[in-house]
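Protein sequences appear in the order of chains A and B.
Going by my numbering, the first sequence opens with residue 1, and the numbers climb by one from there.
Going by my numbering, the second sequence opens with residue 464, and the numbers climb by one from there.
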Amino acid sequence: MIRKLFALKTTSIRNRLLIQLGLVAVVISLFLFLVVRLALVQAVTATQDRLLAAAVSSVVDKIYVVDNMVSLDLPYDTFSLLGAIGEDRIFYQIKDDGKFLTGYEDLPYEGPFGDLQEPIFTNIDYLDETFRAASIENVIFAGNQARRLTIIIAQSQNFQATVLTKISTNLIFVTFIFLIIAILFAFLTANLTIRPIGSFADDVKMRGPSDLRKVSSDVPSELLPLVHSLNGFISRFRTALRQTETFIAEAAHHIRTPLSVVKSESELALRKSKTPENREHLRNIIRSVDQTNRSATQLLDHAMVLYRAERPEKQKFSAHQAVEDLINQFRPAADLRDLDIAFSSTLEQKQQLYLDRTLLETSLRNLLDNALKYAIAESTVFVDLSQDKKQITVTITNDAANLKDFNASQIFKKFKRGTENKDIIGSGLGLSIVLEAANAINATIKVKKLKGESVCAILSLPC
Amino acid sequence: MRYLIIALLIFFMNSPSDALVIEEVRTYGPQKDTADLRILSSTDIDVFDPVLTAYITSFPSVSIEYVLSNTSDIYHEVRDGEEPFDLVMSSAMDLQMKLANDGFAESVSLPETSQGPDWSQWQNKLFGFSLEPIGMVVSKSYFNNIEAPKSRRDLISFLRANQHDLRGKIVTYDVRQSGAGFLFATQDARQSDSYWRMAEVMGSLTTGLFCCSGEMLDAVNTGEVLLAYNIIGSYAQKRSREQDNLLVIYPQDYTHMLLRTALVPRGTQNFQAARDFLIFLLNDVGQDFIEKRTDMLSLQSEVLNKNRQFKPIRLDTGLLVYLDRLKKQRFLEEWKEALFQ
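What follows is the structure, given as structure tokens:
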């Protein structure tokens with residue numbers, strides 16, 4: 001049963017503690033109960049012994065000698081008192097030089113005998129009951145002869161039982177209260193002990209998915225090894241992650257140069273090519289190269305965002321200025337598709353932001369790029385900059401070319417692209433880069449479909 | 464007369480004490496070979512009859528055999544006898560206490576409704592069921608013009624002042640022969656030092672010694688005797704209704720009250736019947752019946768509260784003391800020296 005109990009609970013330190021403390025409390029309570037009860041029995045026995053001793057000495061007082069004969073005038077009140085508390089049975093025996101004088105002849109006690117100052121107390125089994133007996137011997141002189149009188153008074157133990165029962169009931173109550181309090185303390189102790197582990201766990205749990213900083217919460221010394229190994233693990237993990245990112249960035253970088261060569265060679269070949277089949281093949285190659293090139297650029301961008309997210313380089317700059325500069329960079333590309341970019345701002349020129357400018361620009365660039373890429377030709381892309389008490393909001397709105405399978409929950413996933421957009425070059429990384437960059441500067445990004453064919457992206461920046 | 468009594472006493476004293484002398488037997492309820500409940504009692508059948516009749520009325524299927532004997536025989540019967548009795552009732556509290564103390568009584572657990580006052584029980588073995596004050600009975604015609612003594616002090620003065628009238632006209636129990644008489648005398652001696660003074664005076668008046676209260680009451684009624692000392696109240700009251708020369712006086716210094724007690728002897732053949740009867744005897748119905756329909760008093764009797772001098776004899780192990788061989792011998796010697804001068 002106990003093993004089962006342990007097996008059941010050993011997975012929880014708290015429960016294990018609780019069971020151990022609880023068991024200790026039970027054992028201590030039991031021990032306490034037994035010790036106090038033992039002391040009580042001794043006290044009650046001592047009381048009964050004193051009573052018997054007094055009775056014996058009052059009997060001795062009533063022994064007298066007439067005509068060389070020992071006689072006794074048994075004291076009424078003594079016997080009355082002996083039985084007063086517990087209605088105890090009383091037996092006695094008086095012998096004169098070993099010869100039975102009066103009382104109960106068959107009382108089974110042969111000695112040893114004490115004296116008046118220190119009677120001998122013993123338990124006697126007689127008539128199916130255990131009696132407490134006091135016995136003494138006393139020498140008296142009858143004529144010229146010394147006579148050895150032995151006196152035994154035995155009393156049943158109702159008195160003891162009565163007192164013990166009465167006090168034991170209280171004792172059980174007190175012990176029970178003690179046990180309850182001890183168990184409450186056990187609960188408290190177990191919970192207090194376990195609390196640092198809980199808060200440590202919460203501390204780790206509350207972290208964002210890319211938070212790979214060292215754990216530095218205050219923990220009890222027993223938990224330090226765990227924290228150390230956890231930090232070791234995190235740092236190895238971070239190193240491995242960075243190596244992978246570096247590797248991808250390197251790979252993307254190394255791939256772009258040969259791709260440019262392939263592209264220019266292919267364009268050369270296209271110009272020289274005579275047959276329509278070859279020209280078609282070459283166009284395909286050029287398109288694929290463009291696509292790959294873009295993916296490589298995006299991968300580099302992505303790696304950059306991840307890198308800067310860990311070490312943001314905050315700086316102060318004008319929000320208005322930053323957005324306007326970026327729009328101006330995109331105007332040539334917009335002109336190529338006969339698109340117009342309308343910029344409106346309710347912000348003051350002086351309004352400053354304090355964050356990593358590169359990350360903000362990366363996210364805005366990707367948003368604008370997407371807005372232009374998917375806009376209907378000859379339409380206008382609107383960029384609006386506004387501010388309220390808490391945040392600065394950049395809203396980019398376009399008339400989208402293809403919205404059939406627009407799905408706001410999917411667009412931020414890596415390498416996910418709309419099925420109708422195969423003709424448009426893209427890697428599926430743009431919006432996920434926006435999301436990563438926005439997270440890194442504590443901004444939020446929302447993309448939603450408006451009435452008609454419009455889509456708007458809202459980037460909210462903390463002031 | 465005096466010599467006759469003494470001769471009678473000697474005769475009684477030599478009679479074997481271990482054989483049960485049955486004074487009267489009465490059966491109640493349906494006739495059976497062996498009665499369901501055999502009661503051995505020292506209470507006169509006439510006194511206890513209403514209780515038994517009431518019990519039979521409530522429980523008609525129970526048959527009861529009521530055997531009357533004296534307290535000493537009852538004591539010896541329970542200790543050594545072979546006749547199985549189911550309930551033993553006696554007025555000799557000391558002998559009953561000794562039986563219970565020495566382990567001759569069964570433990571009986573009674574319901575709450577049948578629990579008398581604490582002082583009326585010892586352990587769950589000995590149960591007091593009625594109270595009777597012990598007083599003196601005087602000849603009404605003699606005390607017609609003379610004021611009867613109201614206390615023992617009065618009595619001693621009265622005896623001394625009227626030695627001529629009272630010689631041979633005082634009676635009391637012969638304590639050597641009557642268990643009840645012995646109990647009353649020892650309790651007197653315990654209660655007050657004046658007892659021995661009174662015993663001396665009684666001795667000087669050649670007080671008559673009787674075994675039984677009935678004869679003493681008869682003697683008072685005829686005028687042969689003027690005063691009987693230590694008479695159980697219930698007998699005296701009952702007689703005084705029929706014999707008009709009897710006047711019962713309860714001394715005002717103290718009046719002991721006898722507690723009649725019942726126990727279930729160890730050899731009982733029908734423990735349940737005995738327990739049932741005890742439950743009836745001790746519950747409100749039984750006690751009320753005892754108070755109203757018999758000459759005995761119930762344990763909760765108002766008489767106790769109204770008369771502060773009424774003291775129930777304590778039912779405790781102190782009662783064992785006068786049964787001690789040496790103590791009894793010493794008491795009887797003193798008594799004899801006082802009474803026979």
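Even for Gly, the Cβ is constructed at its ideal location relative to N, Cα and C.
Note that the structure is predicted; figures quoted are calculated from it, not measured.
Is it buried or exposed for A/V163, if we count other Cβ within 10 angstroms and need 16 for buried?
buried
Is any beta-carbon of chain B found at less than 9 Å from that of A/T102?
yes
For the region 778–793 of chain B, which residues have a beta carbon sitting closer than 9 Å to at least one beta carbon of chain A?
D779, T780, G781, L782, L783, V784, Y785, D787, R788, L789, K790, Q792 and R793
Excluding the five sequence neighbours on either side, which residues of its own chain have a C-beta within less than 6 Å of the C-beta of A/I94, listed in chain order?
L101, T102, G103 and I151
Starting from the N-terminal side, write out each stretch of the beta strand (DSSP E) that is 3 residues or longer and does not extend beyond the region 516–595 of chain B.
527–531 and 550–553
Would you mind listing the alpha helix (DSSP H) stretches within the region 329–376 of chain A that are 4+ residues and don't spill past its ends, in chain order?
357–373
Using 9 Å as the threshold, is the C-beta distance between B/A643 and B/S505 below it?
yes
How would you write the range of the beta strand (DSSP E) that A/S135 sits in, first residue to last?
E129 to A142
Is any beta-carbon of chain A found at less than 9 Å from that of B/W659?
no
Within chain B, partners of A/R466 - CB distance below 9 Å
Outside the shown range of chain A, which is 1 to 463, sits residue 466 of chain A, and nothing can be said about it.
Please name the residue, chosen from A/S460, A/N170 and A/G232, that lies closest to A/F33 on a Cα-to-Cα basis.
A/N170
By Cβ distance, which residues of its chain are closer than 6 Å to B/D808, with the 5 residues on each side in sequence left out?
The first residue shown for chain B is 464 and the last is 804, placing residue 808 of chain B beyond what the model contains.
Proximal chain B residues relative to A/A134, where beta-carbon distance stays under 7 Å:
Within 7 Å Cβ-Cβ: nothing; A/A134 doesn't reach chain B, min ~16 Å.
Compute the distance between the beta-carbons of A/V381 and A/I392, then report whether it is under 9 Å.
no
Can you give me the start and stop residues for the alpha helix (DSSP H) that A/E267 sits inside?
L224 to K272
Span of the beta strand (DSSP E) holding B/Q650?
No beta strand (DSSP E) holds B/Q650; the alpha helix (DSSP H) holding it covers G642 to Q654.
Among B/R489, B/A498, B/I776 and B/N733, the one whose alpha carbon lies nearest that of B/L721:
B/I776
Stretch-stretch touch, CB-based, cutoff 8 Å, three pairs: the region 735–750 of chain B with the region 494–511 of chain B
yes
Taking 8 Å as the cut-off, is the beta-carbon of B/A737 closer than that to any non-hydrogen atom of the ligand FMN?
The ligand FMN is absent from the structure shown, which contains no ligand whatsoever.
Tell me the rounded alpha-carbon separation between B/L531 and A/A53.
43 Å
Touch check for the region 174–190 of chain A and the region 14–31 of chain A: three-plus C-beta pairs under 8 Å?
yes
Taking contact to mean at least 3 C-beta pairs separated by less than 8 Å, is the region 483–490 of chain B in contact with the region 428–435 of chain A?
no
Would B/R793 and A/D73 be called neighbours here (beta carbons separated by less than 9 Å)?
yes
What's the call for A/I13, buried or exposed, on a 16-neighbour Cβ count within 10 Å?
exposed
Considering Cα atoms alone, identify which of A/L459, A/K314, A/C463 and A/N439 is closest to A/V394.
A/L459
What in chain D is Cβ-close to A/G83, meaning under 7 Å?
Absent here is chain D; the protein component of the structure consists of chains A and B.
Whole-angstrom distance between A/T362 and A/H320, CA atom to CA atom:
16 Å
I need the DSSP call for B/N733, collapsed to helix, strand or coil.
coil
Is any beta-carbon of chain A found at less than 9 Å from that of B/R738?
no
Pairing CB atoms from the region 722–735 of chain B with CB atoms from the region 575–590 of chain B, are three or more of them under 8 Å?
yes
Could you name the residues that DSSP lists as bridge partners for A/R147?
A/I140
By the 10 Å Cβ neighbour count, where 16 or more other Cβ atoms means buried, how is B/C674 classified, buried or exposed?
buried
Residues in its own chain within less than 7 Å of B/F475 by CB, not counting five upstream and five downstream?
Interpretation of B/F475 is limited by its pLDDT of 43, a score under 50 that renders its predicted location unreliable; no figure is taken from the coordinates.
Shortest alpha-carbon distance to A/I19 belongs to which of A/T358, A/R37, A/T244 and A/L184?
A/L184
Select from the region 646–674 of chain B all residues with a C-beta closer than 9 Å to any C-beta belonging to chain A, and list them in chain order.
T649 and R653
Sequence-distant residues of its chain with Cβ nearer than 8 Å to B/K833 (five each side left out):
Outside the shown range of chain B, which is 464 to 804, sits residue 833 of chain B, and nothing can be said about it.
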